[in-house]
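Asks: The structure under discussion is supplied below as structure tokens; questions concerning it will follow.
2 protein chains.
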Amino acid sequence: MTKIGIIGGTGPEGLGLAMRFAKAGDRVFIGSRSKERAEDAARRVKEVVPEAKVEGLVNDEAVEQAEVVFLTVPWDAHKSTLEGLTEAIGDKVLVDVVVPMLFDRGQPKAILVEEGSAAQQARAVAREAKVISAFHHLDGTDLQNVERPMQGDVLVCGDHQGAMKKVMALVERIEYVRALEAGGLSNSRYLEEWTVLLLHLNRIHNAHTGVRIVGA
Amino acid sequence: MTKIGIIGGTGPEGLGLAMRFAKAGDRVFIGSRSKERAEDAARRVKEVVPEAKVEGLVNDEAVEQAEVVFLTVPWDAHKSTLEGLTEAIGDKVLVDVVVPMLFDRGQPKAILVEEGSAAQQARAVAREAKVISAFHHLDGTDLQNVERPMQGDVLVCGDHQGAMKKVMALVERIEYVRALEAGGLSNSRYLEEWTVLLLHLNRIHNAHTGVRIVGA
């Protein structure tokens, strides 16, 4: 049982992860700037997973309760959210799921990040945290459909071996999902940008896509 | 039966594609700057696929013989090779398989391209060509192992519907490989960069990786 904080847990990806981890028996603290919205999200988790151990809190309280902190806010809020939580995060494991992107005439488009990637920006802001980049390629809607097994791999990259192992174990709390080590945090850009391609594929094929690595 | 020219057909990826297309019954023209090396490569194709219809030629002759031209040269040679062949290519279908990358202290790393991607650079150089980006994620060594079925998807992007269809049909000449439409040529960067991640995965997992899209 891991105590998991999900900053941005009211969005589709964060909510989906909250449901899956709650279903796996982990204890989940959903964080939001608004305690009310966090509590609403916690109620939604309970509707889907009645046995869930889940609570809605303001962001810094959710971080404080957690052993592992997930960041699932929109890109626009990435840096400012982290700046406000750096102290609370301290040297905890921080799983960055954020994808730097915008919509350009309705089309998703990756944004270049000065630090190299969202995860590298997180490391630049939350200097003590053990930043791991992962969980980009699990569709938020599919995650919320907890009765249906997920498909696909979660690629995990980072520079802290202990934190990598911890996050890879969390990945495999989600049934049928495989964790795959994908190198150092400087590889995060490849994971983040691939998400944008998956969004294109979702539109083109009217689907919820994910990725599986073959041959490994 | 399609007449396929492979510029850079002496490298592992080009050679592998030559073998697979020859095995599927297509006619293959391997191009190289050196006719001798092109002929050597053609002989290697015949050793593996005795019934192959394959010829080794200098690049511009290979292009002239072909209906569909594949470009599988190293990134360093991408622009200069295209500049020398623009006239021969004319308005043919040009399949760009090139990945802009370098090795930085032994680690593969994607290079940002001014035009957005290798394929967009190809379009900027060979203005009449119908440029399609595809075939980045099939391992060259696995392709050459023609008795073993390939795994994985080939994502195809481009801005010419007719050329897209033609290339997608070519993809599926390779047994068990699926062609998947991946949007306009501006998505090529995502396909190209993902190849660099696969190279990292190959090293980390001592494997020959490829990709499959789940949910579509």
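Going line by line, the protein sequences match chains Z and C.
With the numbering used here applied, the first sequence corresponds to residues 1 to 216, in that order.
With the numbering used here applied, the second sequence corresponds to residues 1001 to 1216, in that order.
We treat Cβ as the ideally placed atom computed from N, Cα and C, and that holds for glycine.
Among the residues of its own chain, which have a CB less than 8 Å from the CB of Pro-50 of chain Z, if the five just before and after it don't count?
Replies: Excluding positions up to five away in sequence, the list is empty.
Asks: Look up Ala-179 of chain Z in the DSSP assignment and give the residues it is bridged to.
Replies: Bridge partners of Ala-179 of chain Z: Z:Val-154.
Asks: Flag this pair as touching only if the segment 54-73 of chain Z and the segment 11-24 of chain Z have three or more C-beta atom pairs under 8 Å; answer yes or no.
Replies: Segments in contact, yes.
Asks: Measuring only the C-alpha atoms, how far is Asp-1060 of chain C from Val-73 of chain Z?
Replies: About 52 Å.
Asks: Is Thr-1072 of chain C close to chain Z? Criterion is C-beta to C-beta, closer than 8 Å.
Replies: Chain Z, which has no Cβ nearer than 8 Å to the Cβ of Thr-1072 of chain C, makes this no.
Asks: Among C:Glu-1114, C:Glu-1192, C:Lys-1092, C:Arg-1105, which one has its Cα closest to the Cα of Ala-1248 of chain C?
Replies: Within the shown structure, residues of chain C are numbered from 1001 to 1216, placing residue 1248 of chain C beyond reach of any answer.
Asks: Tell me, please, whether the CB atom of Ile-1213 of chain C is closer than 8 Å to any CB atom in chain Z?
Replies: By this cut-off, Ile-1213 of chain C is an interface position.
Asks: Restricting to runs no shorter than 3 residues, where is the beta strand (DSSP E) found entirely within the segment 19-73 of chain Z?
Replies: The segment 19-73 of chain Z contains these whole beta strand (DSSP E) runs: 27-32, 53-58, 68-71.
Asks: When the cut-off is 8 Å and only beta carbons count, does Ile-132 of chain Z lie next to chain C?
Replies: With 8 Å as the cut-off, Ile-132 of chain Z does not count as an interface residue toward chain C.
Asks: Which one or two residues does DSSP pair with Arg-1212 of chain C in a beta bridge?
Replies: In the DSSP output, where bridge partners are listed per residue, Arg-1212 of chain C has Z:Arg-212.
Asks: So if DSSP puts Phe-103 of chain Z in a beta bridge, which residue, or which two residues, is it bridged to?
Replies: The partner list for Phe-103 of chain Z (beta bridge, DSSP) reads Z:Pro-108.
Asks: Please classify Leu-1102 of chain C as buried or exposed, where buried requires at least 16 neighbouring CB atoms within 10 angstroms.
Replies: So Leu-1102 of chain C counts as exposed.
Asks: Taking Val-1131 of chain C as the reference, give the member of C:Val-1113, C:Leu-1082, C:Thr-1010 with the closest Cα.
Replies: Measuring from the Cα of Val-1131 of chain C, the nearest candidate turns out to be C:Leu-1082.
Asks: Specify whether the segment 1118-1134 of chain C and the segment 1142-1162 of chain C touch according to this definition: at least 3 beta carbon pairs, one from each stretch, less than 8 Å apart.
Replies: Contact holds: three or more Cβ-Cβ distances are below 8 Å.
Asks: I need the straight-line Cα distance from Ile-7 of chain Z to Val-95 of chain Z, nearest angstrom please.
Replies: Computed Cα separation, rounded: 10 Å.
Asks: Which chain Z residues sit within Cβ distance under 7 Å of Thr-1209 of chain C?
Replies: Neighbours of Thr-1209 of chain C on chain Z, chain order: Ile-213, Val-214, Gly-215, Ala-216.
Asks: Does any CB atom of chain C fall closer than 8 Å to the CB of Gln-151 of chain Z?
Replies: True, the Cβ-Cβ gap to chain C drops below 8 Å.
Asks: How would you label Gly-5 of chain Z, buried or exposed, when you count the other beta carbons within 10 angstroms and need 16 or more for buried?
Replies: Flag for Gly-5 of chain Z reads buried.
Asks: Which residues of chain Z have a Cβ atom closer than 9 Å to the Cβ of Asn-1059 of chain C, listed in chain order?
Replies: Here the premise fails: no neighbours, minimum Cβ distance about 31 Å.
Asks: Name, in chain order, the residues that DSSP records as bridge partners for Asp-1096 of chain C.
Replies: Looking at the DSSP assignment, Asp-1096 of chain C forms a beta bridge with C:Leu-1071, C:Ser-1133.
Asks: Relative to the alpha-carbon of Ala-1022 of chain C, which residue among C:His-1078, C:Leu-1197, C:Val-1211, C:Asn-1145 has its alpha-carbon at the smallest distance?
Replies: Here the closest residue by C-alpha is C:Asn-1145.
Asks: Quick one, are the C-beta atoms of Val-1058 of chain C and Thr-1002 of chain C less than 8 Å apart?
Replies: Not closer than 8 Å, so no.
Asks: Report the CB separation of Val-211 of chain Z from Ile-1111 of chain C in whole angstroms; it is logged as a contact under 8 Å.
Replies: Rounded, the Cβ-Cβ distance is 23 Å, inconsistent with contact.
Asks: Quick one: any contact between the segment 173-183 of chain Z and the segment 117-129 of chain Z, if contact means 3 or more CB pairs under 8 Å?
Replies: Not touching, per the Cβ criterion.
Asks: Are the beta-carbon atoms belonging to Glu-1013 of chain C and Val-1113 of chain C less than 8 Å from one another?
Replies: Contact: no.
Asks: Counting only beta-carbon atoms, is Asp-96 of chain Z nearer than 8 Å to chain C?
Replies: So no, Asp-96 of chain Z is outside the interface.
Asks: Using a Cβ-Cβ cutoff of less than 7 Å, which residues in the same chain neighbour Ile-89 of chain Z once the five nearest sequence positions on both sides are dropped?
Replies: Cβ neighbours of Ile-89 of chain Z beyond the five flanking positions: Val-63, Val-69, Ala-126, Ala-129.
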